[in-house]
Amino acid sequence: MPPGSRRRSFTPKNTATSWCASAAIPTTSRDSLPPCRRKSFNGPNTRSCDQMDTGALERLREKILASDNRACFIERETLLRDHAEQTLALPEEERYLFEFELLLGRLSTPVDPDDRFAGRMAEARWPHPEPFTRIPGGIGSEGHITLPMPEILAKGLDGIAAEVSAGAARIDTPEARFFERNALGCIAAIRGFCNRYADAAEAAGKPEAAAALRQVPCGPAYDLFSALQSVWIMQFITSTVCGARDFAPGRIDRYLLHFFRAEPDRGRALELLAFFLVKFNEITGTATDNFEQKPIPCTSSKQYLTLGGRNAAGEWEFNALTALFVEAAELVRLPQPTLNFRIGPGMPEEAWQLAGRAAHGLDAQCNFFNDLLIVNKLLGSGILPEDAWNYAFTACNRVDLPGRLYNIMRRIDVFDNSFEYFREALFSAAEQDGTPPVETTLDELRRIAEERMLADIRENRVAVYSERFTFRFESLFFASCIQSCRDICRMGAENYRWMHRMFSGIANMADSLAAVERLVVREKRLTFRELAELLEADFSGAEVLREEIVNRFPKYGNGEPGVDALAAAAADALIDAAESAGRKTGFLMMPSIYSLTHHARFGSTVGATPDGRHAGEPVSENQSPGHGADRESPTALFASVSRLPLRRCICGGLNLKLGCRPSADRFAAMLRSFFELGGLHIGFTVVNRRTLEAARRNPEEYRTLLIRKTGFSEFFTSLSPAEQQEIIDRTEY
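The working numbering puts the first residue of the sequence shown at 271, with every later residue one more than the last.
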């Protein structure tokens, strides 16, 4: 059954004139945005955007849109498969460097005639029925790491190599020498690969890329072009050669700023950023993360840049380069990379204007986060101030502390089927018929959730100290690993013992508790036990009552304090359980009201609930109301979301679907209103139901239609039929 197919849709009241009146900037699609619009944060400019090579940019874009998502990085997989016996013959601790050197020494170096920056993979369909699997000890990664680009741009990988050698000489143990040998071997392999790529770029008539690759990333960058080439080749190697999802360049508008200021031609800087952003889409293709995904080592990776935010002095760091990244993304018009903006109360007016412009022009490609809430949560959890202020994103809703956070558990992020805990708590409370049902249910929810989390942590804990020496290239991203000459998997990194716990179905919990309170406590139409029996029967014979609950009972998302308080109480119970489990196991738990894409899967295993939800239907996603439950305005929705205990959360998600495009000023006002109320995260999709249904019927005519799925964007036509229906069914404002 398509998600939401048994839900009633509601037309929100008074929203078109409230949010979509757009006198200043006309409603436009992403394909018709005027090029090179400029507002605040102006920098030097000596060349018109009309001089940009937009033809080459458009050709690169078209090649990505026409790419085959069934293709893999064929050379990489073939090399690993053909040398598998040789790899297996080596001691396990020698396999990583062997495969790293093999790939960087043998991969071809293709250069497209339209490329400005070098670094792409040869692709083709995998001819074998089974995928190639990683060899124990061989190359591979968990990813979810921010690249240390400020250090690499300043001193190059050779500077890191010198620090490793100095540490190994000082420590002088077999482990330190093993670490040094692997570190220097990986850096030498990168140097050889970049030199080969420089030769290919030279032969293809790309002298600027060739010159840059003879210097970076092993040496320091010397101008904006070489800095961007260094960032790209490191992003390329970690994502496609090491093979993992969600490596990220971090706070890019901050560490590239001095290179940008040294570039006298703003038009050239804009052109370079546009060609740089295109490259991220070559890794991901156009497939979704879980439907016909691209069969590549970075398994459904999305790409993320962190923009804006504050420094350790609390000063906002929006600048001319931040604005230029927005302008470049408007030119490229592709879903990658996602732009994650750190914004919030107290921000300068021109920064609000830039955020509004980004939302207006890029909508689904942007995430907006409350910088104040996230920093305060980090500081309150014992994170050092210098680490807290420098946070970045390695995924759509995953906060990272660059150089300080690496999770050695097998599962980095844990998505709890918290709605399953809730239903079990409900039935447990029903056995105590006669006691206060809401309070009892919340107590049971807290107990059951903690028990499940403790069991999960104990069952999935992995050995953190291997008897074998191990090495991963990512160890060079951590100063403490370099200083100790120990791998991240051998506790070389001074690491916060941090675990994300993600909770879904909060809206259904609130609506269910509101129904229990009304039916059982106030109106006494049913006993708690009778209600439980109705749920076991999936409302069989009680459809009239179910329709009444769905259509006439209060629902989270409409600004009603009573039901919103129940949502907050359910969230608090789950967060209490997570924090208690963390104290008992030595982990710093970082809770979130966030489901990513798991809400449909979680709902499929859970029976009927008092809010009128049938057995097997999806639960509510992220911090959003249930499908069709939000019947008022965005203002009412914002009020409901802001009443959740978001100060206790590290991330989360609210997706808002707008049927028409507000002006940049109205987007800025919407963002300001949401974050001043205390919202944590918001993202937008600007599209109406009629367009979505037309795209479903005629996908070829809408291949560039971009929507927000959770914390990232996708092409609507690449989604599965069920996912398309869910996007169509979301409330439209």
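C-beta: ideal position from N, C-alpha, C; glycine also.
Since the model is a prediction, treat every value here as computed from it, not as a measurement.
On the premise that Cys342 lies in contact with Leu427, defined as a C-beta separation below 8 Å, what is that separation, rounded to the nearest angstrom? About 28 Å separates the two Cβ atoms, so there is no contact after all.
Arg277 versus Met940 - alpha carbon distance: Confidence at Arg277 is low in this model, with a pLDDT of 34, below 50, so the placement of that residue should be treated as unreliable; the coordinate-derived value is given next. Roughly 28 Å separates the two Cα atoms.
Do His414 and Thr608 have their C-beta atoms within less than 8 Å of each other? no
Reduced DSSP category for Val501 - H, G, I as helix; E, B as strand; rest coil: helix
Does the Cβ-Cβ distance between Pro895 and Ala777 come in under 8 Å? yes
Where the alpha helix (DSSP H) containing Asp781 begins and where it ends: 776 to 786
Name the residue from Phe545, Ala394, Asn646, Gln606 whose alpha carbon lies nearest to the alpha carbon of Asn637. Gln606
If I'm right that Arg386 touches Phe545 with Cβ under 8 Å, what's the distance once you round it to whole angstroms? 4 Å
Which stretch, first to last residue, makes up the beta strand (DSSP E) that contains Thr955? 951 to 956
Just checking my contact of Gly437 with Ala431 at CB under 8 Å: how many whole Å lie between their CB atoms? With a Cβ gap of about 11 Å, Gly437 and Ala431 do not count as contacting.
Would you call Ser983 buried or exposed, if buried means 16 or more other Cβ atoms sit within 10 Å of its Cβ? buried
Should Gln573 be labelled buried (16 or more other beta-carbon atoms within 10 Å of its own) or exposed? buried
Can you list, in chain order, the residues of its chain with a C-beta nearer than 6 Å to that of Phe370? Leave out the 5 residues immediately preceding and following it. Ile409, Cys456, Ala459
Proximal residues to Ala474 (C-beta, below 6 Å), its chain only, five neighbours per side dropped: Val381
Evaluate contact between the stretch 744 to 758 and the stretch 842 to 858, counting only Cβ atoms and requiring at least three cross-stretch pairs below 8 Å. no
Starting from Cys636, trace the beta strand (DSSP E) in both directions and tell me its first and last residue. 636 to 640
Residues in the same chain with beta-carbon distance under 6 Å from Gly929, minus the five sequence neighbours each way, listed in chain order, please. Asn958, Glu1002
Tell me the DSSP secondary structure of Cys759 in three-state form. helix
By alpha-carbon positions, which one of Glu963, Asp633, Gln994, Pro672 ends up nearest to Leu654? Pro672
Considering only residues of the same chain and omitting the five flanking positions on each side of Ile344, which have a CB-CB separation below 8 Å? Ala392, Glu393, Ala394, Arg395, Trp396
Looking at C-beta atoms only, is the number of pairs between the stretch 495 to 502 and the stretch 785 to 793 that lie closer than 8 Å three or more? no
Quick test of your reading: Trp502 and Gly429, contact by CB under 8 Å. State the CB separation rounded to the nearest angstrom. So it is not a contact: roughly 19 Å between Cβ atoms.
Mind checking which residues open and close the alpha helix (DSSP H) that includes Phe857? No alpha helix (DSSP H) holds Phe857; DSSP gives it neither H nor E.
Is Lys794 buried or exposed, if buried means 16 or more other CB atoms sit within 10 Å of its CB? exposed
Looking at the strands, I want to know which residues DSSP matches up with Tyr574. Thr608
Just curious, the beta strand (DSSP E) that Ala359 is in, first and last residue? Neither: Ala359 is in no beta strand (DSSP E) and is coded neither H nor E.
Run the CB neighbour count on Asp633, radius 10 Å, all protein chains shown included, and call it buried at 16 or more, exposed below. buried
Please state whether DSSP places Asp842 in a helix, a strand or coil. helix
Using the C-alpha atoms, what's the distance from Phe506 back to Glu478? 18 Å
In the DSSP assignment, the alpha helix (DSSP H) including Ile553 goes from what residue to what residue? 536 to 554
Straight-line Cα distance separating Val669 from Ala885: 34 Å
I'd like the list of long-range same chain contacts for Ala700, defined as Cβ closer than 6 Å, with 5 residues on each side in sequence excluded. Phe798, Arg799, Ala802
Going by C-alpha to C-alpha distance, which of Leu542, Ala491, Glu412, Glu421 sits closest to Phe512? Looking at the sequence itself, residue 512 is Cys, so the reference to Phe does not match. That would be Glu412, whose Cα lies nearest to the Cα of Cys512.
Environment of Ala843 [buried if 16+ CB atoms lie within 10 Å]: buried
Let me know the secondary structure DSSP gives Pro314 once reduced to three states. Legend: pLDDT at Pro314 = 46, less than 50; position of this residue unreliable, value from coordinates given subsequently. Reduced to three states, the DSSP call for Pro314 is coil.
Between Phe550 and the rest of its own chain, which residues show a CB-CB distance below 7 Å, the 5 nearest in sequence each way excluded? Gln573, Gln606, Pro607
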